[in-house]
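Visitor:
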Amino acid sequence: MRLSLKRLGQLLAQRGHAIDPKTVRRLLHKLKYSLKANRKRFTGPPHPDRDRQFRYIAHQKRRFLKAGRPVISVDTKKKELIGNFQQDGQTWCHEADEVNAYDFLSDAEGRATPYGIYLVQHDRGYVYVGESADTPEFAVDAIVSWWKSHGRRRFPDATKLLILADSGGSNGCRPRMWKRQLQERLADAFNLEVTVCHYPRGGSKWNPIEHRLFSFININWAGKPLRSWLILLGYIQDTRTETGLQVKAVLLRGNYERGLKVTDHEMRKLRLRRHKTCPSWNYTIRPRQGVSGAAKG
Numbered sequence: 001m002r003l004s005l006k007r008l009g010q011l012l013a014q015r016g017h018a019i020d021p022k023t024v025r026r027l028l029h030k031l032k033y034s035l036k037a038n039r040k041r042f043t044g045p046p047h048p049d050r051d052r053q054f055r056y057i058a059h060q061k062r063r064f065l066k067a068g069r070p071v072i073s074v075d076t077k078k079k080e081l082i083g084n085f086q087q088d089g090q091t092w093c094h095e096a097d098e099v100n101a102y103d104f105l106s107d108a109e110g111r112a113t114p115y116g117i118y119l120v121q122h123d124r125g126y127v128y129v130g131e132s133a134d135t136p137e138f139a140v141d142a143i144v145s146w147w148k149s150h151g152r153r154r155f156p157d158a159t160k161l162l163i164l165a166d167s168g169g170s171n172g173c174r175p176r177m178w179k180r181q182l183q184e185r186l187a188d189a190f191n192l193e194v195t196v197c198h199y200p201r202g203g204s205k206w207n208p209i210e211h212r213l214f215s216f217i218n219i220n221w222a223g224k225p226l227r228s229w230l231i232l233l234g235y236i237q238d239t240r241t242e243t244g245l246q247v248k249a250v251l252l253r254g255n256y257e258r259g260l261k262v263t264d265h266e267m268r269k270l271r272l273r274r275h276k277t278c279p280s281w282n283y284t285i286r287p288r289q290g291v292s293g294a295a296k297g
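Position 120 (the sequence shown) corresponds to 120 in full-length UniProt numbering; numbering is contiguous.
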């Protein structure tokens with residue numbers, strides 16, 4: 001039974017203590033009671049290789065950075081409705097913005113799917129905003145767009161790339177399409193050796209993109225309705241930090257279909273080598289002979 005101040009007063013009255021809700025509140029405070037929400041804490045039993053994987057990710061990251069090779073942290077940010085909808089947070093203003101009472105997709109101009117890429121060694125963020133589903137094809141499209149426009153210019157001699165990603169979602173450790181797209185559209189197309197390391201379940205908050213990019217975007221647009229695609233892109237690009245973070249935002253047009261399958265036969269064609277350490281979470285995809293450079297565009 002939920003015990004509100006009014007209900008507590010009624011129960012006390014039944015026992016001969018007439019008392020109003022304000023007095024109940026005061027007495028509760030005196031007894032060190034206060035209103036509290038549930039606190040998420042228990043994540044279930046940790047994976048036995050959790051700590052081992054974190055150490056391995058740190059080792060791989062140090063190795064790539066020391067060699068001057070690109071290291072990117074990737075993830076899909078929470079989807080956002082485009083339109084006159086409430087945005088969590090507060091902002092300084094004379095009067096609060098009036099927004100729709102309900103967040104109905106039918107009232108929206110669209111739903112944005114921001115895919116972020118954080119370049120670890122240069123403190124640079126790149127966000128590719130999709131208009132469709134969050135799929136492995138969309139994730140790799142974003143990475144390929146980044147490599148073509150920024151990555152290969154910053155690292156013209158690079159032959160290897162390290163990707164840090166969560167273990168779930170469109171760029172998770174399970175989707176076969178994620179691996180196939182990396183093979184065909186990144187490794188083969190640009191003659192790149194692509195190493196992917198996934199954070200264990202429940203470890204996404206240690207993925208650099210979460211606390212080095214996404215958190216600051218949230219602060220920048222807190223309390224500000226995202227009424228158009230241009231406004232959303234503007235808030236992302238305007239995100240800055242005192243440590244020098246700069247962000248670019250691009251609208252990535254295209255329709256991405258969910259549920260596309262990759263057969264066992266197609267998987268055997270991939271030049272994918274799993275690492276000895278936590279092989280489900282760590283693997284390298286090498287370019288295949290005879291198809292390298294097919295999509296340099």
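Glycine included, every Cβ here is placed at the ideal spot set by N, Cα and C.
Applying the criterion that 16 or more other CB atoms from any shown protein chain within 10 Å of the CB defines a buried residue, is W178 buried or exposed?
Guide: As a working note, residue 178 is residue 178 in the sequence shown. W178 comes out buried.
Visitor: Below 8 Å on the Cβ atoms is my guess for Y118 versus K248; work out the distance and round it to an integer in Å.
Guide: Taking the first residue of the sequence shown as position 1, residue 118 is located at position 118. Taking the first residue of the sequence shown as position 1, residue 248 is located at position 248. Rounded, the Cβ-Cβ distance is 12 Å, inconsistent with contact.
Visitor: What is the residue span of the beta strand (DSSP E) that P114 lies within?
Guide: Looking up residue 114 in the sequence shown gives position 114. Start and end: G110 to L119.
Visitor: Please give me, in chain order, every unbroken run of the beta strand (DSSP E) with length at least 3 that falls completely inside the stretch 197-277.
Guide: Correct list: 246-252 and 272-274.
Visitor: What do you reckon, are the CB atoms on A139 and N171 nearer than 8 Å?
Guide: If you number the sequence shown from 1, residue 139 lands on position 139. If you number the sequence shown from 1, residue 171 lands on position 171. Contact flag set, yes.
Visitor: To the nearest angstrom, how far is it from the Cα of V262 to the Cα of Q181?
Guide: Numbered from its first residue, the sequence shown carries residue 262 at position 262. Numbered from its first residue, the sequence shown carries residue 181 at position 181. Each residue's Cα considered, the two are about 10 Å apart.
Visitor: Can you tell me where the alpha helix (DSSP H) with V74 in it begins and where it stops?
Guide: The count along the sequence shown starts at 1 and reaches residue 74 at position 74. Here V74 belongs to no alpha helix (DSSP H); instead the beta strand (DSSP E) covers V71 to T76.
Visitor: Would you tell me roughly how many angstroms separate the C-alpha atoms of A18 and K6, rounded to the nearest one?
Guide: Position 18 of the sequence shown, counted from the first residue, corresponds to residue 18. Position 6 of the sequence shown, counted from the first residue, corresponds to residue 6. The alpha-carbon atoms of A18 and K6 are separated by roughly 12 Å.
Visitor: Excluding five sequence neighbours on each side, which residues of the same chain lie with their C-beta closer than 6 Å to the C-beta of K78?
Guide: In the sequence shown, residue 78 corresponds to position 78, counting from 1. Result list for K78: empty, nothing under 6 Å.
Visitor: Which of the three DSSP states is assigned to K32 in this structure?
Guide: To locate residue 32, count along the sequence shown from 1; it is residue 32. DSSP places K32 in coil when its eight states are reduced to three.
Visitor: Helix, strand or coil for L81, going by three-state DSSP, please let me know.
Guide: Walking along the sequence shown from the start, residue 81 turns up at place 81. The answer is strand: DSSP assigns L81 an E or B state.
Visitor: For G244, tell me which candidate among H122, Q60, L81 and D75 has the shortest Cα-Cα distance.
Guide: Taking the first residue of the sequence shown as 1, we reach residue 244 at position 244. Selected option, being the one with the closest Cα: H122.
Visitor: Ends of the beta strand (DSSP E) at G16?
Guide: What you label residue 16 is simply residue 16 of the sequence shown in a count that begins at 1. Element bounds for G16: n/a, residue is neither H nor E.
Visitor: How many angstroms separate the CA atom of L186 from the CA atom of K40?
Guide: In the sequence shown, counting from the first residue as 1, residue 186 sits at position 186. In the sequence shown, counting from the first residue as 1, residue 40 sits at position 40. Distance between the alpha carbons of L186 and K40 is about 38 Å.
Visitor: Is the separation between the beta-carbon of R273 and that of R288 shorter than 8 Å?
Guide: Position 273 of the sequence shown, counted from the start, is the residue given in the question as residue 273. Position 288 of the sequence shown, counted from the start, is the residue given in the question as residue 288. Cβ distance not < 8 Å, so R273 and R288 don't count as in contact.
Visitor: With C-beta atoms as the reference, is V196 less than 8 Å away from I163?
Guide: Along the sequence shown, read from residue 1 onward, the residue named residue 196 stands at position 196. Along the sequence shown, read from residue 1 onward, the residue named residue 163 stands at position 163. It is a contact, given that the beta carbons lie within the stated cut-off.
Visitor: What residues are listed by DSSP as bridge partners for A165?
Guide: Locating residue 165 in the sequence shown gives position 165, where the first residue counts as 1. Beta-bridge pairing links A165 to H198.
Visitor: Would the beta-carbon of T159 fall within 8 Å of that of E193?
Guide: As a first step, residue 159 is located in the sequence shown; it is residue number 159 there, counting from the start. As a first step, residue 193 is located in the sequence shown; it is residue number 193 there, counting from the start. It is a contact, given that the beta carbons lie within the stated cut-off.
Visitor: Among R258, R201 and P175, which one has its Cα closest to the Cα of P48?
Guide: As a first step, residue 48 must be located in the sequence shown, where it is residue number 48. The shortest C-alpha separation from P48 is found at R201.
Visitor: Would DSSP call V99 helix, strand or coil?
Guide: By 1-based counting over the sequence shown, the position of residue 99 is 99. Correct three-state label for V99: coil.
Visitor: Inspect the beta-carbon positions of V74 and I209 and report whether they are closer than 8 Å.
Guide: Locating residue 74 in the sequence shown gives position 74, counting from the first residue. Locating residue 209 in the sequence shown gives position 209, counting from the first residue. It is a contact, given that the beta carbons lie within the stated cut-off.
Visitor: Within 10 Å of its beta-carbon, does K296 have 16 or more other beta-carbons around it, so buried, or fewer, so exposed?
Guide: Locating residue 296 in the sequence shown gives position 296, counting from the first residue. Reliability of the predicted coordinates at K296 is poor, the pLDDT of 45 falling under 50, and the value obtained from them is presented with this limitation in mind. Flag for K296 reads exposed.
Visitor: Indicate whether I82 and A37 have their beta-carbon atoms separated by less than 8 Å.
Guide: Here residue 82 is taken as the residue at index 82 of the sequence shown, counted from 1. Here residue 37 is taken as the residue at index 37 of the sequence shown, counted from 1. Taking 8 Å as the Cβ cut-off, I82 and A37 do not qualify as a contacting pair.
Visitor: What is the residue span of the beta strand (DSSP E) that R124 lies within?
Guide: For the purposes of this step, residue 124 is taken as residue 124 along the sequence shown, with counting starting at 1. R124 -> beta strand (DSSP E) spans R124 to G130.
Visitor: Which residue from C278, G110 and R286 puts its Cα closest to that of W229?
Guide: Here residue 229 corresponds to residue number 229 of the sequence shown, with the count starting at 1. Ranking the options by Cα distance to W229, first place goes to G110.
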